[in-house]
Each structure stands twice: as C-alpha cells, then as structure tokens.
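A.B. asks: Once you've had a glance at the structure underneath, I'll fire off some questions.
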Amino acid sequence: MVNIKINNKEVKAEKGTTIFKVCKSIGIELPNFCNDERLNPSGLCRMCLVEIEGSRNLEVGCATIVREGMRIYTHSKKVLQARADILQLMISDHPLECTTCVRTGTCKLQEYTNLYSNHFKSDYENQPKKLDIDESNPFYYYDPNKCILCKKCVRVCEELQEVGAISPVDRGHTTEIAPFFKDKLNDSNCVSCGNCVSVCPVGALVPKNSEFHNTKKTKTTCSYCGVGCQIELLTKEGRVVGSQPVDNEVNDGLLCVKGKFGYKFINHEDRLKKPLIRRNGELEESTWEEAYDYIKSKYDDIKHEYGSESMAGLSSARCTNEENYLFQKMMRAVIGSNHVDHCARL
Ligand code: SF4
Ligand code: SF4
Ligand code: SF4
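Start counting at 1 in the sequence shown, then tack on 42, and there's your number in this note's numbering.
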C-alpha cells in the first residue's frame with residue numbers, strides 16, 4: 043500500500059494502481075473520453091489531467107501510477123483551466139448542432155462543455171470539419187465531423203473484439219477513423235458487432251435509425267443465443283429504439299451484431315401476436331386456449347396411433363434456460379419422448 047493525499051484527504055492506495063482508479067474508489071470521477079477499464083490506458087484525450095505537487099506538468103490520471111507521498115489535486119484552478127482548453131480545442135472544429143444531434147443529452151462532449159464553459163476563453167474560433175459521412179455499414183454510420191479522435195473505438199475493436207478493422211488515418215484537420223486500406227467500412231473486415239459504436243462518447247459512431255434522447259432503459263437478457271448476454275433495451279413510446287451492452291461477467295460489456303442491432307423484430311409489423319391455426323388451407327388467428335386445445339388433440343391422436351417415440355420437440359435458444367428446462371421436462375415426462383433438441387442445430 044502507498045500513502046497519498048487527494049485534495050488534502052489522506053488515502054491508502056494499492057501499489058501499482060492508477061490515480062484514476064484510486065480517485066474512483068473514493069468517489070471522485072475524473073472526466074474522460076478515452077478511459078475504459080477493459081482497455082490498456084492510453085491517456086489520449088487528456089481530460090483526466092490532475093495536478094501533482096512538485097511536478098511541473100499536469101499528469102493524466104488514467105495512465106499515472108500512484109507513488110508514496112504523492113499529493114494530488116483533481117480540481118485545482120490549473121486543472122480546470124487545462125480541461126476547459128482541451129474542450130475548446132475539441133469544439134473548435136466540431137459542428138455546433140447539439141439541438142438536432144441524435145446524442146444530445148447523452149454526449150460527453152456536451153456534458154463536459156456545460157460543466158467547464160465558465161473557464162472558456164473567448165479567442166477560439168469555430169471552424170467545423172467538412173468530411174464525408176460513411177454510411178456504408180448496414181447497421182451504423184460514422185460521422186468524422188463529430189469525432190473527437192479519442193480512439194476508444196479503435197482500441198475496443200483491436201483489444202476486445204480482436205478484429206482490428208479500423209484505425210486513425212491522415213493527419214491534422216483531416217484525421218478520421220477509417221478501415222485499413224479500404225475506403226468504406228463495409229468493404230473492411232468489420233464484423234458489425236457494434237462494440238465500437240457502444241463506446242463512442244459522442245455522436246460520431248451511431249446506430250442507424252436509433253434514438254437516445256428521453257429513452258427508458260430496461261435491463262434484460264439477449265434472446266438470440268445461449269450465452270445470455272446482458273443488455274439494456276432503450277425504449278420510447280412503447281417502441282424499442284436501441285440496445286446497449288451491460289458490463290458484467292457474462293459479456294464484459296460486449297455484444298455481437300444480433301444483440302446490438304437485431305432488435306427490430308420486436309416492433310416489426312409482421313410479428314405474430316396471436317396463434318394461427320390452418321383451416322381449409324388458410325391460416326386463421328385464434329385464441330391461445332383454442333391453439334393449446336388443438337395442439338393437445340393432435341398430440342393425443344399421434345401418440346395413440348404411432349406411440350410417444352414418434353414425436354420430437356424442438357425448443358429455442360431464444361428461451362431462457364428455465365423455459366428450455368421446462369420444455370424438455372414436458373417432452374420427457376408428459377409426452378414420453380426423449381427426442382428433444384433446439385434451434386442451434388436446425
Ligand atoms: S456529438 Fe455531442 S457535442 Fe457534438 S453535436 Fe452531438 S451532442 Fe453536440
Ligand atoms: S463494428 Fe466491431 S468489428 Fe466493426 S469496426 Fe466496430 S468493433 Fe470493429
Ligand atoms: S468515433 Fe467515437 S470512439 Fe472513435 S475516435 Fe471518434 S469519438 Fe472516439
């Protein structure tokens with residue numbers, strides 16, 4: 043353990059821990075765009091700068107390890123001014139269109155601008171970038187004009203998804219995130235998992251046809267496969283308008299393309315809401331009671347004529363473990379057949 047002081051408060055911190063993590067453990071959240079505990083620290087966005095007594099320069103909290111006797115100031119005048127300057131530089135080439143931006147209300151650049159604008163200086167001019175938006179991917183788009191080049195998306199793709207589809211290209215005012223040696227995202231080796239989209243702190247990587255503002259979050263389990271990834275479905279006026287991964291031991295804050303983008307079946311107009319029974323060659327809507335009675339009478343007929351072993355049950359990876367357990371129990375104990383499988387092997 044090392045003994046340090048943060049904002050004049052004595053703290054015992056574990057050796058080898060970063061200032062960022064120690065601050066978090068005592069309830070001080072340092073502002074940041076690029077930090078993610080699942081990734082190697084990069085110190086790129088520099089918003090988590092802190093002042094350390096005796097040090098000439100400000101240090102980045104996410105990449106500086108605590109040392110015995112350190113005296114750290116997280117909100118000194120110098121620190122607040124440095125963060126405000128960084129924000130002003132970011133905004134200097136950013137389009138000023140928060141009111142119409144899909145990320146309004148959930149954007150870190152907007153949030154920090156509101157927090158630090160008291161320290162803004164007047165000598166920064168706004169010259170928004172005018173780069174082409176890449177809409178080639180079927181599920182998300184990339185707007186380089188709103189990108190603050192924090193590289194979180196690149197690191198997630200490389201370190202967590204292990205695809206390495208994207209990288210910063212070009213220099214200076216025209217730097218953008220793009221696929222390696224390809225013009226468009228859709229021509230690259232991107233697998234459309236959307237994990238880069240989930241971590242983007244601003245409106246640069248955005249799911250198509252999504253909404254963020256005034257949405258309600260509901261934690262649930264992805265219904266596509268047996269991994270059971272935890273997701274937060276974003277809903278608005280009774281519609282599902284987005285899906286975000288939950289960071290827990292099951293999926294570590296990651297999703298695949300289905301969990302991230304495949305939620306539109308929920309509100310799709312073709313989705314069946316009532317059971318259908320085929321009568322005289324035509325499918326007709328029925329009540330659940332009618333449908334169950336019909337299924338049971340068919341089961342009884344087949345069982346009577348051919349025996350229980352003639353029947354098989356096919357369940358679904360979209361069901362929970364508990365539902366699948368009940369299903370196999372019903373097949374074995376009620377129907378009397380061991381022929382049970384589910385759609386993973388269809
Ligand atoms: S990305 Fe953020 S700061 Fe930029 S326009 Fe959208 S809401 Fe505003
Ligand atoms: S969608 Fe997935 S594979 Fe494609 S760039 Fe983003 S993280 Fe990489
Ligand atoms: S697209 Fe988003 S996550 Fe990637 S560098 Fe730009 S701002 Fe950061």
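Glycine residues also receive a C-beta, built at the ideal position from the N, C-alpha and C atoms.
1. Would DSSP call S352 helix, strand or coil?
2. When the Cα atoms are used, what is the spatial distance from K171 to C361?
3. What is the DSSP secondary structure of E390, counted as helix, strand or coil?
4. For I381, I'd like the list of residues in its chain whose CB is within less than 6 angstroms of its CB, leaving aside the five on either flank, ordered along the chain.
5. Give the residues whose C-beta lies closer than 6 angstroms to at least one heavy atom of ligand 2, in chain order.
6. Given a threshold of 16 other Cβ atoms within 10 Å of its Cβ, counted over all protein chains shown, does F75 qualify as buried or as exposed?
7. Please check the pair E326 and I319, which I expect to be a contact at CB under 8 angstroms, by giving their CB distance rounded to whole angstroms.
8. Whole angstroms is fine: what's the gap from A246's alpha carbon to T146's?
9. Please determine, among C267, D383, S230, the residue with the shortest C-alpha to C-alpha distance to N293.
10. Suppose you measure from the CA of S390 to the CA of L276; what does that come to, to the nearest Å?
11. Taking three-plus beta-carbon pairs below 8 angstroms as touching, is the stretch 71-87 in contact with the stretch 181-201?
12. Classify C385: buried if its beta carbon has 16 or more other beta carbons within 10 angstroms, exposed otherwise.
13. Is I175 near ligand 3 - that is, is its Cβ less than 8 angstroms away from at least one heavy atom of it?
14. Is V244 near ligand 1, judged by its Cβ being under 8 angstroms from some heavy atom?
C.D. replies: Answer, in terms of the structure:
1. Looking up residue 352 in the sequence shown gives position 310. In this structure, S352 counts as helix in the three-state DSSP scheme.
2. Translated into positions along the sequence shown, residue 171 becomes position 129. Translated into positions along the sequence shown, residue 361 becomes position 319. Cα to Cα, K171 sits roughly 47 angstroms from C361.
3. With the chain covering only 43 through 388, there is no way to say anything about residue 390.
4. Taking the first residue of the sequence shown as 1, we reach residue 381 at position 339. Correcting the residue type first, residue 381 is His in the shown sequence and not Ile. Excluding positions up to five away in sequence, the list reads A354.
5. V198, C199, Q203, V205, A207, I208, C232, V233, S234, C235, G236, N237, C238
6. Here the question's residue 75 lines up with position 33 in the sequence shown. Buried is the call here.
7. The residue you call residue 326 lines up with position 284 of the sequence shown. The residue you call residue 319 lines up with position 277 of the sequence shown. E326 to I319, Cβ: 6 angstroms. Contact.
8. On the sequence shown, residue 246 is found 204 positions in, with the first residue counted as 1. On the sequence shown, residue 146 is found 104 positions in, with the first residue counted as 1. Looking at the two C-alpha atoms, the distance is approximately 12 angstroms.
9. The residue you call residue 293 lines up with position 251 of the sequence shown. Nearest of C267, D383, S230 to N293, Cα basis: C267.
10. Beyond the ends of the chain as shown, which are 43 and 388, falls residue 390; an answer cannot be given.
11. yes
12. The sequence position of residue 385 within the sequence shown is 343, counting from 1. Exposed.
13. For the purposes of this step, residue 175 is identified with residue 133 of the sequence shown, where counting begins at 1. Outside the cutoff, so no.
14. Translated into the one-based positions of the sequence shown, residue 244 becomes position 202. At least one heavy atom of ligand 1 is nearer than 8 angstroms to the Cβ of V244, so yes.
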